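With the first letter of the sequence shown counted as 1, position 288 gets the number 268 in this note's numbering; the numbers rise by one all the way through.
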Amino acid sequence: MSSAAARTRLGITVGDPAGIGPEVVARALAAGAQGSAAVRLYGDVRAVERMGELPAEVERVHLASAQTAPGKPDPAAADGVIEAVRRAARACLAGELDAIVTAPISKEVIGRAGYTYPGHTELLAEVAGSGRAVMLLVGGKLRVGLATTHCPLRQVPELLSTSDLIEVLEVMQRDLVRRFALPRPRIAVCGLNPHAGEGGRFGDEETRIIQPAVEAARERGVDARGPLAADSLFQRAVAGEFDAVLGMYHDQALGPLKVHAFGRAVNVTLGLPLIRTSVDHGTAFDIAGQGKADPGSMIEAMRLALRLVANEASGGNEA
């Protein structure tokens, strides 16, 4: 934005047109989640229009590489899905948009089409040329980052490294300050093993990898605490002891968050030179096109994107 008072420009990607993305986008826009923002829609716009009448002022960039029906995913549609994300991200990087909000894609479907991205996070990092993108889920009283994302659980220990954890903590600290308006965020770091390893009895990743990362991050100005036992840590964060949590793997982080804020959580990508939020759910092909999809997460994703834009425009002060 040219100024804090300028009209925010929001890009929204439709996601997989055979999933619930078109429905939740249409319903969120109908609910007015975009506020006064100017909206540009990317992807299979026709799929969204079939779900409901769009506000007349919504700009539409129709990108579809195949015709699909709700609930019937087709790898031939993947090119259009990926191109929509790329186009929206490039527009944001070029200053045409202030933020992007993404509806869900199917990792299985794009994989069958030959794409190797584990998800939006890695695709956006590639487009932006960013070295480190961090997945953060926000819902209720929790903000939860991930040290690793979409990978088999057995690979997590070998994917963890002290240097990577330091970088993740620095990215979290920087974006929590400038976009979430937290002047000195307190970041609690989960252990990997039960009871955070119990002094090495249940694994040495805490003493060998995580603790050195926490200490090094603190020396660099990050208020990191841990490693702490994950089984009690999230309740402490909900109670206000911490501003954010760093989990070591996907379900360790997302399980507690979704219990706390199911259907209202938002995925935020940190570390990018652009603001991106997304829903916290998948494509849900089994209910696509049936009018059953809950737009709550998309509504919250749009609202959070607007708040992050305003916070960043005000220099990291809550707008």
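Beta carbons are placed, not taken as given, at the ideal position from N, Cα and C, and that holds for glycine.
Everything numeric in this text was worked out from a predicted model, so none of it was measured.
N-terminal and C-terminal residue of the beta strand (DSSP E) that residue i is part of
i	result
D203	203 to 208
A168	166 to 170
E39	39 to 42
Contacting residues, own chain, Cβ-Cβ under 7 angstroms from residue i (five flanking each side not counted)
i	result
E280	R244, V246
A161	N291, G296, N297, E298
L34	A6, L9, V28
G82	A small correction: the amino acid at residue 82 is Thr; Gly does not occupy that position in the sequence shown. So the list reads T(-7), G(-5), V65, H100, R256, S258, once near-sequence residues are dropped.
P84	G(-5), D(-4), G(-1), G1, V259, H261, G262, T263
F182	N173, P174, H175
K308	What is shown of the chain runs -19 to 299, which leaves residue 308 out entirely.
A209	G171, H175, A176
V89	D(-4), P53, P55, A58
Y95	A58, I62
Enclosing alpha helix (DSSP H) for residue i [first to last residue]
i	result
L143	Inspection of the sequence shows that residue 143 is occupied by Ser rather than by Leu. Run containing S143: 142 to 158, per the alpha helix (DSSP H) assignment.
V136	136 to 139
A290	276 to 293
A196	191 to 199
A27	25 to 29
Inter-residue Cα distance where the pair is residue i and residue j
i	j	result
L254	C72	6 angstroms
F214	A241	12 angstroms
S(-18)	I189	Here the model assigns S(-18) a pLDDT of 43, short of 50, so the residue's position is not dependable, and the following value carries that caveat. Going from the Cα of S(-18) to the Cα of I189 covers about 43 angstroms.
H261	E199	37 angstroms
G206	G171	7 angstroms
A196	R283	35 angstroms
R40	L286	20 angstroms
E306	D144	The requested residue 306 does not occur in the structure, where the chain is confined to residues -19 to 299.
A193	R134	21 angstroms
P137	G180	14 angstroms
A13	L116	21 angstroms
H220	E147	Looking at the sequence shown, residue 220 is not His but Gly. Answer to the nearest angstrom: the Cα atoms are 25 angstroms apart.
Own chain partners of residue i with C-beta closer than 8 angstroms, once the 5 adjacent residues on each side are dropped
i	result
K87	Y97, P98, G99, H130
P165	M152, Q153, L156, V157, D203, D223, A224
L288	A79, R159, F160, V248, I255, T257
L140	A127, T128, L172, E185, I189, I190, M228
Y22	G(-9), I(-8), T(-7), V(-6), V41, L43, A64, V65, R67, A68
R369	Not covered by the structure: residue 369. The range shown for the chain is -19 to 299.
V38	L9, V19, R20, L21
K238	G119, A245, D260
Contact set for residue i: own chain, Cβ-Cβ below 6 angstroms, skip 5 residues either direction
i	result
P275	V4, R7, A8
K121	V218
Q47	none
H42	V25
G300	As shown, the chain starts at -19 and ends at 299. That puts residue 300 outside it, with no answer to give.
A69	L104, V107
M278	V4, A8, V259
- prompt: What are the uninterrupted segments assigned as beta strand (DSSP E) that are 3 or more residues long and contained completely in the segment 52 to 127, given in chain order?
  reply: 79 to 82, 114 to 119, 122 to 126
- prompt: Hey, which unbroken runs of the alpha helix (DSSP H) at 4 residues or more fall wholly within the segment 203 to 262?
  reply: 210 to 218, 230 to 241
task: Examine the Cβ distances between the segment 107 to 114 and the segment 227 to 236 and report whether three or more of them are shorter than 8 angstroms.
output: no
message: Give the list of continuous alpha helix (DSSP H) stretches no shorter than 4 residues that lie fully inside the segment -12 to 22.
response: 1 to 10
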